[in-house]
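Right, one structure below, let's go through it.
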């Protein structure tokens, strides 16, 4: 009683110093030799009960104590029953579900139930007694853990009898433990990407995060803080709208889920197939698929349900839908644009806009196409060609001057010359024929045609006739004839006729027209192929 009266005296002193003297909580705590939190507790209780200062005369210390510290009402244990812990554990795996939300729903149904702190304490006590691999809480549809098993599977060649090891890829969803497995002969990048595509197709949806180990196929440069993701792996994640977050280096707990799944898969799949002899990869994967069905439908030991049932009720509804098309494997390379506005990719040349000369670009290669990107923006796309050291060029990538130059063909130049006259046409044909490659005569022919601007069309035709009679078939000779007015002199009788001078080695415009048509048809066939 003495201690209680002393306590009540302190309470009354606290109220007096606050309401009568206006002291701060710090000053009151120091004066009464109590903690500031205690001062605040006394003042809050007095305010809630509507007490004022001075205290009413009819309130003795017992009445004040009863008002400030009412007796605790004991609630029967039956009214404080916790919901099933398994149910809480499964609910927490669902997206955005928290213990606070579950406690709120519990209190709505059980007003006399446990307060939040006791609710959480009892759940955590229950969870701490469970298996280590289940202590982490994974949200529904959030994480997919992927890795290769350490154990390999031998495949025997039916002809030679030699064996070749196959590697087992394992993918496990964090919330339901639903598992996929697939075997391949390699752990290289194509096999790694193919296994992911098959896994996502198996799950029928896309998780928010894919968590691999720091395998070189997926992680180019392991780093504790910022690991470098392989470009193809990153491209695949963008296609499916997911994120790649590798496990931290030297942090085995980050991949505890998949390591446990790998061990279980080795036990229930690989060990179960240990006495089988496989002669092909397809035969092995068929056997793995059959064991997977059995594995995912096996009942849990410490909780109700199976991996399959948990997947159907928890993970699958929360996963994002698959895109319309599966990811097509693509390789990425770096290239520098040459001065001829082409990049070399696997011994073939592909054009890009000429403005990108000397720039560094990214090249994405699939079996059917080549895409070229500059600063993450696609600037060119071509059908993939496997012709070595040949160019694939789009006209729109060329400068205007180059485009106009390519518009000139031997047949077009000869036809243009024919408009000036038959002798001009014959001379131009002879100039083109005299060169090893017709293109080497383009400038000479264009020079001859431009002479008509300085002289008349008739004079140019006459000058060409004289040049043909002298077998002086070049731009310089025709120009000299015009400058010296030799075109006005009469030609020898044999050369002065309406029939154009024909040389035995002149192929003529018909030949070049046939050649142009043949080349166009060949290019069309190549493009179609």
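Numbering (my numbering), first residue to last: 339 to 867. We put the CB at the ideal spot given by N, CA and C, even for glycine. Treat the numbers as computed from the prediction; the structure is a model and nothing was measured.
- [ ] Specify whether the region 572–581 and the region 501–518 touch according to this definition: at least 3 beta carbon pairs, one from each stretch, less than 8 Å apart.
- [x] no
- [ ] For residue 522, collect the residues of the same chain with a Cβ closer than 8 Å to its Cβ; drop the 5 residues on either side in sequence, then sort them by chain order.
- [x] 504, 505, 507, 529, 532, 533, 619
Open item on the list: Rounded to the nearest angstrom, what separates residue 356 and residue 374 at their Cα positions?
Closed with: Distance between the alpha carbons of residue 356 and residue 374: 13 Å.
Task: C-alpha gap between residue 462 and residue 347, whole angstroms - done: Rounded to whole angstroms, residue 462 to residue 347 spans 42 Å at the Cα level.
Open item on the list: Which same chain residues end up closer than 8 Å to residue 808 when comparing Cβ atoms and leaving out the 5 residues on each side of it in sequence?
Closed with: 815
Task: Simplified DSSP assignment, three categories, for residue 352 - done: helix
TODO: Let me know if residue 631 comes out buried or exposed under the rule of 16 or more other beta-carbons within 10 Å of its beta-carbon.
DONE: Residue 631 is exposed by the Cβ-count criterion.
Open item on the list: For the alpha helix (DSSP H) containing residue 663, name the first residue and the last one.
Closed with: Bounds of any alpha helix (DSSP H) do not take in residue 663, whose DSSP letter is neither H nor E.
- [ ] Starting from residue 520, follow its DSSP beta bridges and name the residues at the other end.
- [x] 507
TODO: Could you say which of 783, 821, 811, 762 lies nearest to residue 800 if we only look at CA atoms?
DONE: 762
Open item on the list: I'd like the span of the alpha helix (DSSP H) that includes residue 803, first residue to last.
Closed with: 795–807
TODO: Under 6 Å Cβ to Cβ from residue 287, same chain only, skipping five residues before and after it: list those, please.
DONE: Nothing in the structure corresponds to residue 287, since the chain is present only between 339 and 867.
Open item on the list: Looking at residue 625: is its Cβ nearer than 9 Å to the Cβ of residue 611?
Closed with: yes
- [ ] Kindly list the residues whose CB is nearer than 6 Å to the CB of residue 546, restricted to its own chain and excluding five residues on each side of it in sequence; keep chain order.
- [x] 480
Open item on the list: On the DSSP letters alone, give me the boundaries of the alpha helix (DSSP H) that residue 682 sits inside.
Closed with: Taken as a continuous stretch (DSSP letters only), residue 682 belongs to no alpha helix (DSSP H), being part of the beta strand (DSSP E) at 680–683.
- [ ] Could you tell me whether the region 681–696 touches the region 716–729, where touching means 3 or more Cβ pairs closer than 8 Å?
- [x] yes
Open item on the list: If you follow the alpha helix (DSSP H) that residue 485 is in, where does it begin and where does it stop?
Closed with: Unbroken run through residue 485 is the beta strand (DSSP E), 481–494; no alpha helix (DSSP H).
Open item on the list: Which of the three DSSP states is assigned to residue 705 in this structure?
Closed with: coil
Task: Start-to-end residues for the beta strand (DSSP E) that takes in residue 548 - done: Where residue 548 is concerned, the enclosing beta strand (DSSP E) stretches over 547–550.
Open item on the list: Just to confirm my understanding: we take residue 502, look at its own chain, exclude 5 residues before and 5 after, and list those with CB closer than 6 Å. What are they?
Closed with: 493
- [ ] Pair every Cβ in the region 671–683 with every Cβ in the region 638–650, then say whether three or more of these pairs are closer than 8 Å.
- [x] Too few Cβ pairs lie closer than 8 Å, so no.
Task: Close Cβ partners of residue 735 (< 8 Å) along its chain, the five nearest in sequence each way excluded - done: 679, 689, 690, 691, 692, 718
TODO: Tell me, please, whether the region 786–804 touches the region 750–760 by the rule of three or more beta-carbon pairs shorter than 8 Å.
DONE: yes
TODO: Report all residues from its chain with a CB closer than 6 Å to the CB of residue 422; omit the five preceding and five following residues, and keep chain order.
DONE: Here residue 422 has no same chain residue with a Cβ atom under 6 Å from its own Cβ, once five neighbours each way along the sequence are excluded.
Open item on the list: Closest to residue 478 by C-alpha separation, out of 350, 539, 658, would be which residue?
Closed with: 658
Task: Residue span of the alpha helix (DSSP H) that contains residue 735, given as start and end - done: Element bounds for residue 735: n/a, residue is neither H nor E.
Task: Under the three-state DSSP convention, the category residue 421 falls into - done: coil
Task: Host beta strand (DSSP E) of residue 816 (start-end) - done: Looking at the DSSP string, residue 816 is not in any beta strand (DSSP E); the run it does join, the alpha helix (DSSP H), is 813–821.
TODO: Consult DSSP for residue 617 and reduce its assignment to one of helix, strand or coil.
DONE: coil
Task: Euclidean distance between Cα positions of residue 403 and residue 420 - done: 34 Å
Open item on the list: Counting only C-beta atoms, is residue 427 closer than 9 Å to chain D at any point?
Closed with: Among the chains in the structure shown there is no chain D, since it carries only a single protein chain.
- [ ] Can you tell me which of the three DSSP states residue 578 falls into?
- [x] Residue state, collapsed to three classes: helix.
Task: Buried versus exposed, by CB contacts within 10 Å (16 or more), residue 401 - done: exposed
TODO: Please classify residue 358: is it buried, with 16 or more other beta-carbons within 10 angstroms of its beta-carbon, or exposed?
DONE: Exposed, because fewer than 16 other Cβ atoms sit within 10 Å of the Cβ of residue 358.
Task: Span of the alpha helix (DSSP H) around residue 766 - done: 760–772
Open item on the list: Taking only three categories from DSSP, how would you classify residue 583?
Closed with: Of the three classes helix, strand and coil, the one that applies to residue 583 here is coil, per DSSP.
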